[in-house]
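Chains as they are written, first to last, in numbering that gives the first Met the number 0: chain A, 0 to 670; chain B, 0 to 670.
Number of protein chains: 2
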Amino acid sequence: MTGESRPIDLKNVKINDPFWKGEMELVRKEVIPYQWEAINDRVEGAEPSFAMRNFKLAGRITAKRRELSDDYREVIWPVDIFQTLPKDMDHLEDRFYGFLFQDTDFSKWIEAVGYSLTQHPDPELEKTADEAIDIVCAAQQDNGYLDTYYIINDMSRIFTNLRDHHELYCLGHLVEGAVAYYLATGKDKLLNAAKRFADYVYSRFGKEEGKIHGYPGHEIAEMALVRLYEVSGDEKYLELSRYFIDERGTRPYYFDKEHPGEEEKRGGKPGYHYHQAHVPVRQQDEAVGHAVRAVYLYSGMADVARLTGDESLKQACRRLFDNIVNKKMYITGGIGGTNIGEAFSFNYDLPNDLAYSETCAAIGLVFFARRMLQMDADSRYADVMERALYNTVLSGMALDGKSFFYVNPLEVNPKACHEDARKAHVKPVRQKWFGCACCPPNIARLVSSVAAYAYTESEDTLFMHLYVGGTVKKEYPEGSVVWEVDADIMDKSRVRVVCSEAAPEGTEGTIAIRIPDWCDSYTLSCKDHAHELHKGYEYIRGTFRKGEEIELVFDKKLKIMQAASAVSEDHGKVALSYGPFVYCIEEKDNGKDLHLLSVDTDASKAVFEKTVIAGNEATRIIMPGKREKIRDGALYSEYRAAEYEDAKLIFIPYYTWANRGEGEMRVWIGR
Amino acid sequence: MTGESRPIDLKNVKINDPFWKGEMELVRKEVIPYQWEAINDRVEGAEPSFAMRNFKLAGRITAKRRELSDDYREVIWPVDIFQTLPKDMDHLEDRFYGFLFQDTDFSKWIEAVGYSLTQHPDPELEKTADEAIDIVCAAQQDNGYLDTYYIINDMSRIFTNLRDHHELYCLGHLVEGAVAYYLATGKDKLLNAAKRFADYVYSRFGKEEGKIHGYPGHEIAEMALVRLYEVSGDEKYLELSRYFIDERGTRPYYFDKEHPGEEEKRGGKPGYHYHQAHVPVRQQDEAVGHAVRAVYLYSGMADVARLTGDESLKQACRRLFDNIVNKKMYITGGIGGTNIGEAFSFNYDLPNDLAYSETCAAIGLVFFARRMLQMDADSRYADVMERALYNTVLSGMALDGKSFFYVNPLEVNPKACHEDARKAHVKPVRQKWFGCACCPPNIARLVSSVAAYAYTESEDTLFMHLYVGGTVKKEYPEGSVVWEVDADIMDKSRVRVVCSEAAPEGTEGTIAIRIPDWCDSYTLSCKDHAHELHKGYEYIRGTFRKGEEIELVFDKKLKIMQAASAVSEDHGKVALSYGPFVYCIEEKDNGKDLHLLSVDTDASKAVFEKTVIAGNEATRIIMPGKREKIRDGALYSEYRAAEYEDAKLIFIPYYTWANRGEGEMRVWIGR
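See the structure below:
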């Protein structure tokens with residue numbers, strides 16, 4: 000019973016889960032094609048991405064530069080990253096457009112494409128992808144460097160602003176995309192390009208004299224390099240990742256060297272919390288700064304800690320995970336209490352209406368949680384992963400896959416979104432596409448690789464962390480066991496696993512199924528196989544034969560939840576959850592002035608109803624409650640006991656909110 | 000029984016009220032001398048004001064300009080208003096320093112000095128003031144222009160940016176200061192300078208062709224010019240004020256003419272809400288934009304409406320007043336729900352912890368309310384004036400007069416102030432002095448002229464709006480009546496008015512005493528004089544004889560208040576008020592985690608106790624309540640009924656908060 004595991008090879012899984020199959024088909028049919036149009040600037044009414052355009056221009060420059068043997072300089076410097084967009088797309092200058100990290104629009108797309116191809120081969124999509132890869136690879140410099148912003152503008156300035164520019168972030172996403180595409184198709188052109196870029200970075204960064212003693216301003220390279228190491232077996236990528244992690248936050252600050260005078264501005268105080276670079280990572284015990292950056296870093300730390308057995312790094316990961324989960328996470332699994340810096344706020348500061356709770360940050364928390372799980376198969380990590388995934392991540396995408404939330408508030412008054420600049424970041428309905436297109440493609444790559452979060456494996460054991468139905472193959476030296484997993488989490492409160500193909504007689508194996516935090520009790524049927532509960536997983540061991548069935552029946556009940564006393568925002572309120580889903584109330588079902596509603600706390604009074612929300616099936620919950628009658632009169636008056644009328648409160652799953660137009664919404668409700 | 004009135008001449012009042020005398024002495028002994036040091040850049044550790052320094056430099060330039068017959072140009076343009084302050088005050092360049100409106104630091108000081116001299120003659124202070132006036136007047140241009148920013152920088156650019164620069168704002172404050180000093184001392188040097196500046200503005204602005212068709216970006220000139228008209232009798236000042244009011248918000252926007260392209264940026268939509276210039280003032284029915292600017296404008300509108308009998312303007316004033324009072328005012332009389340633009344938020348959006356509620360805005364609301372009262376002696380205006388004055392205005396100054404709040408929140412968690420950038424504007428303790436020194440001198444000028452808010456008069460009637468003890472003289476054609484007013488509002492629930500000097504036998508007069516909104520019943524003793532209640536005032540009419548006494552005894556009780564249903568921030572909460580004072584709870588008296596406290600709503604259980612807060616006497620109120628016990632455990636857990644322990648909640652008057660160090664504070668408390 001070993002705790003460590005690795006994600007399952009996506010090619011060994013075929014998802015047919017009614018819920019997840021639908022989500023993945025949305026990504027395949029809606030998001031990926033839309034995204035391709037978007038990165039080619041062909042979406043009417045959306046801000047252009049410029050990603051492919053920049054690659055094409057960079058490719059021409061690279062070719063020209065080869066001709067001119069390094070004398071070519073098309074210096075347009077410094078480029079205003081908030082430049083006004085051109086009005087006439089047909090007459091663009093030959094220059095870089097968009098954010099500095101615009102290359103990653105392509106990288107995230109190709110990553111989603113890779114995952115999607117493992118589940119649904121599509122020669123036409125693969126052809127498009129290959130052509131795009133040709134364009135991208137043509138931009139690569141002979142030394143391996145590949146970031147169009149600097150290739151187009153000024154190669155002499157590369158790696159001079161690690162803090163604010165995003166070269167190592169672009170490297171990270173390129174690696175993730177290249178690995179995914181390689182694993183899906185076996186084609187290594189992009190993988191080799193990513194390796195060459197990583198090799199070049201390896202040659203330029205490190206402890207040695209003459210090398211750059213820096214680290215990424217926006218993390219992701221840390222975990223991406225580990226992935227490259229795992230695919231290639233080349234130790235230097237692990238070494239580089241570890242270097243970035245170890246160097247981070249050491250004094251004097253590398254970012255200060257890049258930006259002289261910063262130390263003075265701070266008056267000698269520690270800085271760079273925004274970048275998680277305020278102290279060395281092993282000294283960190285509170286999740287701070289930009290939430291996406293933070294969980295990307297922690298994910299890389301967890302990877303390196305697991306692979307190197309670095310106990311102090313493991314401990315830092317556990318402290319940071321615990322800090323998030325015990326003090327800084329919304330009940331929806333969202334993180335980032337403040338829009339200022341898209342960041343974690345202080346402990347227990349979890350405002351519902353001002354929340355940032357970025358979709359990408361929840362995705363990053365899923366990454367981090369799975370890596371903690373890989374380190375130690377403890378269901379509490381999976382509980383968090385599930386919470387973030389089924390609520391905030393899914394909330395990020397409309398039920399039709401056509402619009403997206405960056406920000407996932409737990410309370411919305413549309414009037415405030417429109418008229419209060421403090422809540423300008425909170426949108427009452429999803430938006431089509433963004434100039435900074437981080438969240439939509441991030442959802443695409445996570446949803447299309449959900450099997451890698453649902454299932455991990457060790458030599459002996461197949462871990463089932465999430466209940467995602469499909470066919471799952473576990474390979475043993477002697478042969479494979481194939482399991483048919485029937486796990487419709489939306490509708491049913493059980494998971495059934497049937498052995499459809501057995502390993503050769505005598506092969507022993509283990510399947511470990513998570514017992515979720517939302518069930519108080521369960522029944523396991525596994526014939527006469529030995530089973531044992533360990534850290535929230537039922538380990539069922541045996542020589543499985545074809546047709547053998549394991550069934551786990553959960554006691555799935557409505558839970559009336561409350562927040563810790565220290566969360567003043569939620570004081571006196573409750574939230575409903577049912578299975579992995581957090582629920583909310585919307586104006587559409589409950590009328591205006593949701594703050595006047597209160598809910599009965601007796602969960603046994605709940606009525607569950609099948610419903611259809613924007614064409615999608617869902618379970619809604621009807622609870623008795625009260626509506627406080629509106630008092631007429633003055634803004635302030637003497638207190639008199641409020642009058643109430645009975646109300647039926649209609650709750651819908653949080654991820655389905657804002658799919659029926661604009662209106663008020665609340666997760667936390669008076670009791 | 001006429002509704003209209005004018006403020007009493009401050010020389011006809013001697014305040015000896017124990018509460019107000021103390022406040023005024025603080026201003027006289029602490030604030031005015033400190034302010035003088037501040038505007039001369041002699042306060043260690045405080046940001047320099049540069050006000051007197053700029054005037055001195057401007058004076059030299061003006062003298063030089065006379066010598067050089069207009070050829071002198073010392074162009075330093077444009078000056079960065081957020082310029083880094085010089086490190087070495089001894090070696091400043093000859094240039095303008097500070098904010099564009101830095102001149103007003105002097106004007107507010109001289110205004111406070113004027114008021115103070117009426118109550119407390121002080122030859123030394125008057126000498127200092129005269130010398131300062133000499134310096135200021137020396138800076139004036141031959142044409143009357145007087146704003147050091149442009150005098151120092153570039154006279155060819157005056158009046159080219161009314162929207163963002165503050166020339167007309169400087170004019171307004173100069174007039175206010177000059178009038179106050181003239182009325183106190185009879186000295187007209189500064190008054191004449193102010194008139195000459197106003198004359199020059201009159202010559203440049205107006206409907207006529209060739210004149211500037213603009214109006215102030217920051218209002219105040221509107222009401223100041225009315226004051227100048229009232230003192231001088233010169234109609235042109237009233238005319239100019241009315242012009243500014245009538246022109247405001249007309250299309251095309253004057254500010255667009257100054258700043259071409261603004262119309263295009265807005266896509267043809269109305270703009271300039273921040274400046275209350277989005278539509279003509281007579282079409283406005285919602286208080287919007289920068290709160291100080293708004294109430295300054297409305298004050299000027301009320302003045303002009305009263306003096307010109309302009310019914311449509313009166314109606315606009317009433318609508319705007321009602322909108323504030325019914326939808327946009329904190330229970331403390333504070334206004335401005337958002338720090339973004341220091342502005343009104345939307346109707347009923349009154350967040351307690353994010354409040355802006357600027358001291359100056361409450362002062363402006365006092366101005367506006369008194370002008371509404373002058374238009375129509377209806378006690379509902381006085382109720383608002385009193386609420387703002389006794390709570391938010393007084394909260395603006397420490398009990399020792401040495402530190403100040405700009406922002407007056409109704410809920411504070413010091414951790415949030417320090418760590419949450421969204422609340423960076425909220426300070427948990429008062430600050431010494433500010434680079435933008437609007438609030439401290441504004442408090443000084445209001446407190447030292449409080450008699451002009453407590454008392455107004457018409458030909459026949461002396462109005463007592465606030466209960467401020469002292470000697471008050473009402474002049475009649477036949478002679479004067481002097482009243483001794485005993486009105487210790489802090490301690491007593493009655494006001495006693497004794498005639499200490501009667502007018503000649505046969506002179507009839509009226510004294511009108513307000514019945515406050517915080518008393519449910521009262522007893523009036525006025526011998527055999529006729530009396531009548533009208534719009535919240537008891538009008539007592541008669542021939543008053545020496546020694547005659549009128550007494551009004553109020554039924555002053557603790558009130559447990561609630562907010563309207565639409566104020567979601569205050570839902571389920573109550574606030575305590577007692578007489579004019581709103582109360583709050585502080586960590587100092589009640590421990591941490593104030594959100595866990597709830598108060599009994601039975602006001603009869605209140606215990607009143609004399610106490611001393613930072614050396615000042617006050618009444619504290621002890622109420623039974625509950626403290627919810629802290630639950631240990633997870634951030635989210637299944638709801639179980641909370642456990643409570645009995646608690647004694649100790650309330651102190653809101654204006655005394657944060658005088659005993661840093662800690663949590665709340666006005667609105669669970670019930």
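In this text, a Cβ means the ideal position worked out from N, Cα and C, and glycines have one as well.
**OP:** Could you have a look at B/C498 and say whether DSSP puts it in helix, strand or coil?
**Re:** Correct three-state label for B/C498: strand.
Subject >> Beta-carbon proximity list for B/S564, same chain, < 8 Å, skipping 5 on both sides >> reply: Spatial neighbours of B/S564 in its own chain (CB-CB distance under 8 Å, excluding positions within 5 residues in sequence) are listed in chain order as H570.
Original post:
Using a Cβ-Cβ distance under 7 Å, would B/P413 count as near chain A?
Top reply: Not one chain A Cβ lies under 7 Å of B/P413.
**OP:** Under 7 Å between beta-carbons, which chain A residues line up against B/K555? List them in chain order, please.
**Re:** The premise fails here: B/K555 is roughly 14 Å from chain A at the closest Cβ pair, so nothing lies under 7 Å.
Subject >> Neighbouring residues, chain A, relative to B/Y295 (Cβ below 8 Å) >> reply: Here the premise fails: no neighbours, minimum Cβ distance about 22 Å.
Original post:
Going along chain A in order, which residues have a C-beta closer than 7 Å to the C-beta of B/I629?
Top reply: Result: S564.
Original post:
If you follow the beta strand (DSSP E) that B/G469 is part of, which residue opens it and which one closes it?
Top reply: V467 to Y475 is the extent of the beta strand (DSSP E) around B/G469.
Original post:
So, is the C-beta of A/T391 closer than 7 Å to a C-beta in chain B?
Top reply: A/T391 has a beta carbon lying at 7 Å or more from every beta carbon in chain B.
**OP:** Give the straight-line distance between the Cα atoms of B/V573 and B/P408, rounded to the nearest whole angstrom.
**Re:** The C-alpha of B/P408 is placed about 16 Å away from the C-alpha of B/V573.
Subject >> Below-7 Å beta-carbon distance, A/S356 vs any chain B residue >> reply: Residue-level contact check: A/S356 does not touch chain B, since none of the beta carbons of chain B fall below 7 Å from its beta carbon.
**OP:** Please state whether DSSP places A/L523 in a helix, a strand or coil.
**Re:** Taken through DSSP and simplified to helix, strand or coil, A/L523 comes out as strand.
Subject >> Segment limits, alpha helix (DSSP H) that includes B/N147 >> reply: Looking at the sequence provided, one finds Thr at residue 147 of chain B rather than Asn. For B/T147, the enclosing alpha helix (DSSP H) stretches over residues T147 to N152.
**OP:** Taking C-beta pairs closer than 9 Å, name the residues in chain A that B/K558 reaches, listed in chain order.
**Re:** For B/K558, the residues of chain A that pass the 9 Å Cβ criterion are E637 and Y638, in the order they occur in the chain.
Original post:
With contact counted as at least three CB pairs below 8 Å, one residue from each stretch, are the region 253-267 of chain B and the region 316-325 of chain B in contact?
Top reply: Flag = no, the region 253-267 of chain B and the region 316-325 of chain B do not touch.
Original post:
Relative to the alpha-carbon of A/H165, which residue among A/I219, A/I621, A/Y114 and A/A179 has its alpha-carbon at the smallest distance?
Top reply: With distances taken between Cα atoms, A/H165 lies closest to A/I219.
**OP:** Identify whether A/C169 lies in helix, strand or coil by the three-state DSSP scheme.
**Re:** Helix, per DSSP.
**OP:** Name the two residues that bound the continuous beta strand (DSSP E) containing A/Q561.
**Re:** Counting along the chain, the beta strand (DSSP E) containing A/Q561 begins and ends at L557 to A562.
Subject >> Length of the line joining the Cα atoms of A/Q139 and A/V365 >> reply: Straight-line measurement puts the Cα of A/V365 at about 32 Å from the Cα of A/Q139.
**OP:** Determine, using beta carbons only, whether A/I330 comes closer than 7 Å to chain B.
**Re:** So, interface residue.
**OP:** For A/G535, I'd like the list of residues in its chain whose CB is within less than 7 Å of its CB, leaving aside the five on either flank, ordered along the chain.
**Re:** Excluding positions up to five away in sequence, the list reads D377, S378, R379, R513 and I514.
**OP:** Determine which residues of the region 262-279 of chain B have a Cβ less than 8 Å from any Cβ of chain A, and write them out in chain order.
**Re:** Of all residues in the region 262-279 of chain B, none places a beta-carbon less than 8 Å from a beta-carbon of chain A.
Original post:
Excluding the five sequence neighbours on either side, which residues of its own chain have a C-beta within less than 7 Å of the C-beta of B/V598, listed in chain order?
Top reply: If the five residues before and after B/V598 are omitted, its C-beta is found closer than 7 Å to the C-beta atoms of V573, M622, G624, L648, I668 and R670, all from its own chain and listed in chain order.
**OP:** For A/R162, count neighbouring Cβ atoms within 10 angstroms of its own Cβ and tell me buried if that reaches 16, exposed if not.
**Re:** The residue is buried, with at least 16 neighbouring Cβ atoms inside 10 Å.
Original post:
What three-state label does DSSP hand B/K86 in the structure shown?
Top reply: Only weak support exists for where B/K86 lies, its pLDDT of 49 falling under 50; the value from the coordinates is given anyway. If DSSP states are grouped into helix, strand and coil, B/K86 belongs with coil.
Subject >> Integer Cβ distance of A/P47 from A/D40, believed to fall under 8 Å >> reply: Rounded, the Cβ-Cβ distance is 4 Å, consistent with contact.
Original post:
Who are B/T455's beta bridge partners in DSSP?
Top reply: Answer is B/P6 and B/F462, bridged to B/T455.
**OP:** May I ask which residues mark the beginning and end of the beta strand (DSSP E) holding B/D485?
**Re:** Note, B/D485: beta strand (DSSP E), G478 to D487.
Subject >> Residue from A/K473, A/F462 and A/K591 whose Cα sits closest to the Cα of A/E537 >> reply: Distances from the alpha-carbon of A/E537 to those of A/K473, A/F462 and A/K591 put A/F462 closest.
Original post:
Does any residue of chain A bring its CB to less than 7 Å from the CB of B/S344?
Top reply: Interface criterion met: the Cβ of B/S344 is under 7 Å from a Cβ in chain A.
**OP:** Starting from B/G267, trace the beta strand (DSSP E) both ways and give me its first and last residue.
**Re:** In the DSSP assignment, B/G267 falls outside any beta strand (DSSP E) and carries neither an H nor an E.
Original post:
Which of helix, strand or coil does DSSP assign to B/C136?
Top reply: Correct three-state label for B/C136: helix.
Original post:
What number of angstroms, rounded off, separates the C-alpha of B/D673 from the C-alpha of B/G216?
Top reply: In the structure displayed, chain B extends from 0 to 670; residue 673 of chain B sits before or after that span and is not available.
Subject >> For B/Q430, the residue or residues it bridges with in DSSP >> reply: For B/Q430, DSSP records a beta bridge to B/F403.
Original post:
At a Cβ threshold of 7 Å, is B/D419 touching chain A?
Top reply: Closer than 7 Å: yes.
**OP:** Tell whether a beta-carbon distance below 7 Å holds between A/G469 and A/V484.
**Re:** Cβ distance < 7 Å, so A/G469 and A/V484 count as in contact.
Original post:
Buried or exposed: A/L9, going by 16 or more other Cβ atoms within 10 Å of its Cβ?
Top reply: Flag for A/L9 reads buried.
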